[in-house]
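Participant: Sharing a structure with you now.
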Amino acid sequence: MEYAVTTSALGKQYGDFQALKGLSMHIPKGAIYGIVGKNGAGKTTLIRLLAGLQRPSSGEYMLYGVPHTSKEIGKVRRRMGAVVEAPSVYQDMTAADNLKQQYRILGLPSFEGITELLALVGLSDTGKKKVKNFSLGMRQRLGIAIALAGDPDFLVLDEPANGLDPQGIVEIRELILKLNRERQITVLLSSHILDELSRLATHYGFIDKGRMVKEISAEELEAACRKCTRVEVTDTKALSRVLETMGMEYEIRSEREADIFAKVNVTKLVFALRAEGCDLLDITKREESLESYYINLVGGGRK
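For the sequence shown, this note's numbering gives the first residue as 10, with consecutive numbering after it.
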């Protein structure tokens, strides 16, 4: 498999605090790779290292097979566009003028392609409107357009949907999918909105306390996520006795609800519960979400 990015035992120290601890990661070319982790897990630190904004304290990373210590890394990094933490835009300029400024910074010979970039991110009709009057979603899309100047094939986005309303989140999602599918751009994506991330990612890296806990493809994750039958009953103690007798794995969630991790013969279950003086009130099929998989993997707590 060809990788856009690999890291090996990557570490980053800030004084006495170690933000990254021997982190190893593999981002396949053409993937949308989602980083999952709590606040402070090291997601933004990792992104800043890959974008060249900081240097690692130990270990190494490679972009398209070129080590970060190589003299060629600057040339290879031109294949990368990034929006880290917040879009870097000039508030008193228009969207087009912001792109022109980025073209100058990159040393591009002409402003050819700016009109197409604005159309790509849905900002064609902004005209002379200054960025300070843009909505948050418009500023995020402008930030992505600036990151795409120079025609990179690897895009790094740190919390691109953070603070957006539902419509803005959908617009960013559709833009990321379009860039990946139509332009074959590899995307590294950090987001604390796990439900949204699950709609985008083809691969995941689960980070906890500066370490990579697990890397997994979306297909592997789907296979690993446990399916269950959630039942609501009048007496979960009676339900426990019945399920123990049947040899089924289960988890009691409350006084009235439980999850059963096995195929359920509803008729048998109803009769067995009735013999224990318990009624089955509701039954639904459920599948483990990305959020619950992550919590089970690294433990509870807020992301």
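We put the beta carbon where it would ideally sit given N, CA and C, even for glycine.
(1) On a Cα-Cα basis, can you pick out the residue from 16, 23, 27, 35 that is closest to residue 213?
(2) Leaving out the 5 sequence neighbours to the left and right, which residues in its chain are closer than 6 Å to residue 152 when beta-carbon positions are compared?
(3) Using the beta-carbon count (16 or more within 10 Å), is residue 124 buried or exposed?
(4) Could you please give the first and the last residue of the uninterrupted alpha helix (DSSP H) stretch that includes residue 37?
(5) Is residue 307 helix, strand or coil by DSSP?
(6) Please state the DSSP three-state secondary structure of residue 233.
(7) Once DSSP output is grouped into helix, strand and coil, what is the label at residue 103?
(8) Three-state secondary structure (DSSP) at residue 138?
(9) State the Cα-Cα distance for the pair residue 72 and residue 137, rounded to the nearest angstrom.
(10) Any idea what DSSP makes of residue 312, helix, strand or coil?
(11) Select from 117, 100, 216 the residue whose C-alpha is nearest the C-alpha of residue 143.
(12) Would DSSP call residue 76 helix, strand or coil?
(13) Can you give the beta carbon distance from residue 306 to residue 223, rounded, assuming they're within the 8 Å contact cut?
(14) How about residue 156 and residue 145: do their beta carbons lie closer than 9 Å?
(15) Using DSSP with H/G/I as helix, E/B as strand and the rest coil, what is residue 267?
(16) As a quick exercise: from 66, 16, 297, pick the residue whose alpha carbon is nearest that of residue 28.
(17) Counting pairs of beta carbons, one from the region 247 to 256 and one from the region 279 to 289, are three or more of them closer than 8 Å?
(18) Where does residue 275 land, buried or exposed, given buried means 16+ other C-beta within 10 angstroms?
(19) Taking the alpha helix (DSSP H) that residue 146 falls in, what are its first and last residues?
(20) Taking its Cβ as the centre, do 16 or more other Cβ atoms sit within 10 Å of residue 57, making it buried, or is it exposed?
(21) For residue 43 and residue 104, what's the separation of their Cα atoms in angstroms?
(22) Please name the residue in 185, 264, 159 whose C-alpha comes closest to that of residue 112.
(23) May I ask you to list the residues that DSSP assigns as paired with residue 223?
(24) Give the straight-line distance between the Cα atoms of residue 13 and residue 266, rounded to the nearest whole angstrom.
(25) Have a look at the DSSP bridge pairing and note the partners of residue 14.
(26) Please state the DSSP three-state secondary structure of residue 357.
(27) Where does residue 129 fall in DSSP's three states?
Facilitator: Working from what's here:
(1) 35
(2) 92, 96
(3) exposed
(4) Annotation for residue 37: no alpha helix (DSSP H) segment contains it, though the beta strand (DSSP E) segment containing it runs 26 to 37.
(5) helix
(6) helix
(7) strand
(8) coil
(9) 38 Å
(10) Residue confidence is low: residue 312 scores 42 on pLDDT, short of 50, so the model does not pin down where it sits. Its coordinate-derived value is still stated next. Here residue 312 sits in coil by DSSP.
(11) 100
(12) strand
(13) 6 Å
(14) no
(15) If DSSP states are grouped into helix, strand and coil, residue 267 belongs with the strands.
(16) Ranking the options by Cα distance to residue 28, first place goes to 66.
(17) yes
(18) exposed
(19) 145 to 157
(20) buried
(21) 28 Å
(22) When 185, 264, 159 are compared, the shortest CA-CA separation from residue 112 is found for 159.
(23) 215
(24) 45 Å
(25) 36, 72
(26) As shown, the chain starts at 10 and ends at 312. That puts residue 357 outside it, with no answer to give.
(27) helix
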